[in-house]
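Residue numbers (our numbering): 56 to 200.
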């Protein structure tokens with residue numbers, strides 16, 4: 056979900072809903088090596104085992120689903136969040152007889168682009184849900200390079 060998609064959808068919302076769709080997949084934007092530079096400087100997060108997305112993409116998918124609920128749209132809105140994609144793959148793997156916890160879901164980068172997370176770490180206004188204390192030796196001033 057991008058701001059451009061969100062805005063364009065709601066400009067045409069009634070025409071879209073009038074088609075009598077059964078469902079809409081509401082997916083987060085997940086990035087890869089080909090497109091991450093287009094979002095340089097955005098607050099990013101990494102979902103379990105891999106997908107990297109701008110924080111606002113998840114916020115927009117939640118906002119989209121909330122509007123659908125409040126307006127009582129006559130269709131299902133599927134939450135295709137990064138967490139859902141992972142859970143879907145676990146479910147599929149179990150039905151295919153793979154070992155417990157098997158998943159092909161993972162990072163689309165050859166190495167994690169750690170520099171992409173600097174903006175969110177520097178954003179004083181961003182509130183993390185919980186913050187763990189760093190272990191000894193990793194606190195500010197304790198790392199020696």
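All residues carry an ideal CB built from backbone N, CA and C; glycine is no exception.
Just so you know, these numbers come straight off a predicted model, no measurement behind them.
Along the alpha helix (DSSP H) that carries residue i, what are the first and last residues, could you check?
i, result
"residue 120", "110-125"
"residue 141", "137-150"
"residue 71", "68-72"
Name the DSSP bridge partner or partners of residue i?
i, result
"residue 56", "Per DSSP, none; premise fails for residue 56."
"residue 78", "131"
"residue 175", "According to DSSP, which records beta bridges pairwise, residue 175 is partnered with nothing at all."
"residue 86", "107"
Could you check what DSSP says for residue i in three-state terms: helix, strand or coil?
i, result
"residue 199", "coil"
"residue 157", "coil"
"residue 101", "strand"
"residue 91", "helix"
"residue 169", "helix"
"residue 61", "helix"
Please classify residue i as buried or exposed, where buried requires at least 16 neighbouring CB atoms within 10 angstroms.
i, result
"residue 80", "exposed"
"residue 86", "buried"
"residue 199", "exposed"
"residue 189", "exposed"
"residue 187", "exposed"
"residue 38", "There is simply no residue 38 to check, as the chain begins at 56 and stops at 200 in what is shown."
"residue 167", "exposed"
"residue 242", "Residue 242 lies beyond the range of the chain shown here (56 to 200); nothing can be said about it."
"residue 171", "buried"
"residue 116", "buried"
"residue 108", "buried"
"residue 136", "buried"
"residue 76", "exposed"
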